[in-house]
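Let me begin by presenting the structure, written as structure tokens, before commenting on it.
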Amino acid sequence: MTKQENLGYTLTELMLTIIILSILLAIVLPLFSQVVGNVRLKLAILTLAQYWKITRFDAMGNGTTPHTLCMNDTNEGVQVAKILGNNCQTITSWNFLAKGVSIDRANSTLRTQASVAGNGGRIYRVSWADTDAGLGGSWGQLGRLVLIADGTSAKKCLFLFNVDGSWDIREDKKCNKR
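Residue numbers (my numbering): 94 to 271.
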């Protein structure tokens, strides 16, 4: 008799491989989702910060008419638009931040304006103009806009903390401090 060679894998080897892969996927997928959520959140807050900088810069030395950045949370994502004046209801062209990011309405304290848009009809706004506090001063409000992202419990916020127009980026519990 000749000895027959076995080709392939046994059922036990295949089952063990599937079990090990399942365990690895169960560990890696939530971590991957959290990393993606954190990247989206960071991208959104940095993009929004650039809009804040541009809006405030445009207001410096241009009189008392406010330059306003309007922010709206819709089913498609967070929208932003820069306008002259303070009537966010008239905006017809919006830009979107990163997908999977939304406004934490329970913790955002910026002034809101009623809107015809969905999501409770709230458009958040922040305005700058030449005021008694100086060029590019806050035009009538202080507060924060808090962003959250799918897949992560992290929060990031833009915090307008002084009437001179000063603001900064904060995260997590620091978003609640003045």
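Positions of the beta carbon are idealized from the N, C-alpha and C atoms, including for glycine.
For the beta strand (DSSP E) holding residue i, just list the boundary residues, first then last.
i      : result
Asn165 : 160-167
Ala242 : 236-242
Lys249 : 248-253
Arg215 : 215-224
From the DSSP output, in three-state form, read off residue i for me.
i      : result
Asn180 : coil
Phe150 : helix
Asp265 : helix
Asn200 : coil
Ser186 : coil
Ala119 : helix
Gly130 : helix
Trp145 : helix
Ala53  : Look at the range of the chain in this structure, 94 to 271, and you will see that residue 53 is not part of it.
Thr105 : helix
Ala245 : According to the sequence displayed, residue 245 carries Thr and not Ala. Coil.
Thr205 : strand
Considering only the alpha carbon of each residue, which of the options lies closest to residue i?
i      : options                        : result
Gly193 : Thr205, Gly170, Met153, Leu238 : Gly170
Leu253 : Ser220, Arg215, Asp265         : Ser220
Ser126 : Asp265, Ala247, Thr185         : Ala247
Leu141 : Asn99, Tyr102, Asn188          : Asn188
Ile241 : Lys249, Gln234, Leu235         : Lys249
Lys135 : Asn168, Leu190, Glu98          : Leu190
Ala137 : Thr110, Thr105, Ser195         : Ser195
Lys146 : Ser259, Asp265, Asn168, Arg263 : Ser259
Asp225 : Leu203, Gln234, Asp257, Val239 : Asp257
Leu251 : Phe150, Leu139, Leu124         : Leu139
Can you tell me the Cα-Cα spacing of residue i and residue j, whole angstroms?
i      : j      : result
Asp243 : Ile120 : 18 angstroms
Asn255 : Ser231 : 7 angstroms
Gln182 : Thr161 : 12 angstroms
Arg198 : Gly101 : 58 angstroms
Asp261 : Ile112 : 48 angstroms
Arg215 : Ile184 : 13 angstroms
Leu104 : Leu117 : 20 angstroms
Asn200 : Leu114 : 40 angstroms
Pro159 : Glu264 : 28 angstroms
Gln234 : Leu203 : 7 angstroms
Asn99  : Pro123 : 39 angstroms
Less than 8 angstroms separating the beta-carbons of residue i and residue j?
i      : j      : result
Cys268 : Arg218 : no
Thr148 : Lys175 : yes
Gly154 : Asp223 : yes
Ala152 : Gly229 : yes
Gln172 : Asn180 : no
Gly156 : Thr245 : no
Is the Cβ of residue i closer than 8 angstroms to any Cβ of chain C?
i      : result
Lys135 : Absent from the structure is chain C; it holds one protein chain and no more.
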